[in-house]
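Throughout the sequence shown, residue numbering follows this note's numbering, covering 59 to 212 in sequence.
Even glycine gets a Cβ: it sits at the ideal position worked out from N, Cα and C.
It should be emphasised that the depicted structure is a prediction, and the values quoted were computed from it without experimental measurement.
Taking it in order: structure first as structure tokens, then the write-up.
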Amino acid sequence: MHYPHHQISLPDKSEYPTLTQVWEDSVRATHDFLPDSYIAILKNLLLSRYLDSVTLFCSRDAHMNITGFAGVSRTKLEMLFIDPAHRGEGLGKLLLAHAIEHFGIQELDVNEQNPQALGFYLKHGFEVVSRTEIDGLGQPYPMLRMRLRDGVKP
59 MHYPHHQISL PDKSEYPTLT QVWEDSVRAT HDFLPDSYIA ILKNLLLSRY LDSVTLFCSR
119 DAHMNITGFA GVSRTKLEML FIDPAHRGEG LGKLLLAHAI EHFGIQELDV NEQNPQALGF
179 YLKHGFEVVS RTEIDGLGQP YPMLRMRLRD GVKP
């Protein structure tokens with residue numbers, strides 16, 4: 059897979075504010091079911107806790123600007139967010155393939171109320187294996203656990 063205007067690299071901790079902005083812009087574009095107050099709580103947790111709890115990698119454009127990022131923990135994709143200005147450029151596929159090839163990810167969780175993300179992961183070889191009525195913070199946002207089907211190559 060070759061993306062001539064994008065490359066994958068490891069973000070520096072000093073870039074956490076940029077990652078957080080990409081996260082917020084992406085969430086606001088795709089998670090219209092979340093109230094602003096909950097997005098603010100999640101944003102604080104992302105910056106204070108979540109980014110440090112995963113192995114991060116990001117996509118960058120020709121000017122080295124971060125255009126998307128992902129975080130993995132063991133064999134689970136914990137997060138994948140694309141700057142809305144760069145959606146449709148194949149960056150989600152690029153980051154997902156990198157996570158599968160280099161980190162061996164096998165599973166992920168996705169908000170049931172985010173049909174764009176659900177469709178993306180189904181298209182790329184994941185299947186729903188379970189459902190919970192609440193998210194990781196105990197809020198009423200159903201989550202779907204997805205697992206990579208056997209034999210699927212990125």
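- Counting the other CB atoms within 10 Å of its CB gives I192 a total below 16, which places it among the exposed residues.
- For K134, the beta-bridge partners assigned by DSSP are S131 and E165.
- Runs of beta strand (DSSP E) with 3 or more residues, each lying fully within the stretch 60-95, are found at 65-67, listed in chain order.
- The C-alpha of K134 lies about 20 Å from the C-alpha of L105.
- In this structure, I124 and E73 form a Cβ contact; the two beta carbons are roughly 6 Å apart against a cut-off of 8 Å.
- Fewer than three pairs of CB atoms, one per stretch, sit closer than 8 Å, so the stretch 174-183 makes no contact with the stretch 63-82.
- With fewer than 16 other beta carbons inside 10 angstroms of its own, M122 counts as exposed.
- Here H160 is exposed: its Cβ has fewer than 16 other Cβ atoms, across all protein chains shown, within 10 Å.
- Less than 8 Å separates the beta-carbon of Q171 from that of F91.
- Annotated three-state conformation of G126 is strand, per DSSP.
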